Amino acid sequence: QDSAAIFAVDSEAHEMVPMQTVGSEANRASMIDLARRITSGGGGIFVYTGLKSGWKALQTSRAGTRHLILLADAADAEQPGDGPGADYQSLLEEATRGGATVSVIALGTEHDKDAAFLRDVAHRGKGRIFFTDRPVDLPGVFTAETLAVTRNAFISGQVPARATGQWQEVSELPMDWIPLVDGYNL
Numbered sequence: 775q776d777s778a779a780i781f782a783v784d785s786e787a788h789e790m791v792p793m794q795t796v797g798s799e800a801n802r803a804s805m806i807d808l809a810r811r812i813t814s815g816g817g818g819i820f821v822y823t824g825l826k827s828g829w830k831a832l833q834t835s836r837a838g839t840r841h842l843i844l845l846a847d848a849a850d851a852e853q854p855g856d857g858p859g860a861d862y863q864s865l866l867e868e869a870t871r872g873g874a875t876v877s878v879i880a881l882g883t884e885h886d887k888d889a890a891f892l893r894d895v896a897h898r899g900k901g902r903i904f905f906t907d908r909p910v911d912l913p914g915v916f917t918a919e920t921l922a923v924t925r926n927a928f929i930s931g932q933v934p935a936r937a938t939g940q941w942q943e944v945s946e947l948p949m950d951w952i953p954l955v956d957g958y959n960l
């Protein structure tokens, strides 16, 4: 049910995945494949350009929760704006007035030269900031942030239920399981 768009940003934003509903497993796999093809082209991350493109994509979404996650290098994030009246502070003010929030995942540490700038982006975007200097941690950080923002703690509506796990270690008899539940706590 979720929608997503993915941009790779250097000195400009490159739309890798246009805003779309994740939907089927095949579409999800395609989106993941496109995201995994993103490579570093060198140079800094133009933050204003990335935020501007992300906000523009979010404005096309009908989703109730609009959240932008900015992945940036804490030692090489630049471009607070691209001219008079076009600064990240004004852009984030517009986005939050429009119902969006912005979090930052910073590759590096809180002591890197652009950490304060990225912290300010998250603060003004009414989101969170995460620092990690371990690229292997990025998928987990993205997952945790996405789940925290996009999911309610309680999902209501009828959901099919089935027994999973190692029931056979407890009993040889088949488990008599209820076919539907009226919701669950995520």
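Mapping of the sequence shown onto this note's numbering: residues 775 to 960, in sequence order. For each residue, glycine too, the CB sits at the ideal point set by N, CA and C. Because the structure is a prediction, the values reported are computed rather than measured.
CA-CA distance, MET949 to ALA922, rounds to 33 Å.
When DSSP reads this structure, VAL876 sits in a beta bridge with LEU842 and LYS900.
Remark: fewer than three beta-carbon pairs, one from each stretch, lie closer than 8 Å, so the region 883–893 and the region 798–808 are not flagged as touching. Cβ neighbours of GLN853 within its own chain (closer than 7 Å, five residues either side excluded): PHE820, VAL821, TYR822 and THR823. The beta-bridge partner set that DSSP reports for ALA782 consists of HIS788. When rounded, the separation of the alpha-carbon atoms in LEU881 and ASP956 is 40 Å. In terms of Cβ geometry, THR920 and LYS900 do not form a close pair [threshold 7 Å].
By the CB criterion at 7 Å, THR795 and HIS841 fall outside the cutoff. In the three-state DSSP reduction, ILE806 falls in the helix class (H, G or I). Counting C-beta atoms within 10 angstroms of its own C-beta, ASP886 has 16 or more neighbours from the protein chains shown and is therefore classed as buried.
Under the three-state reduction of DSSP output, PRO913 falls in the helix class.
Sorting ASP776, LEU844 and PHE904 by C-alpha distance to the C-alpha of ALA837 places ASP776 at the top.
Contact annotation, GLN932 with LEU954: C-beta distance approximately 5 Å; criterion of less than 8 Å satisfied. In this structure, MET790 keeps its C-beta atom at 7 Å or more from the C-beta atom of THR834. Assignment of GLN863 by DSSP, reduced to helix, strand and coil, places it in the helix class. Taking the C-beta atoms as reference points, PHE916 is found no nearer than 7 Å to THR883. If you draw a straight line from the Cα of VAL783 to the Cα of ALA831, it comes to about 14 Å.
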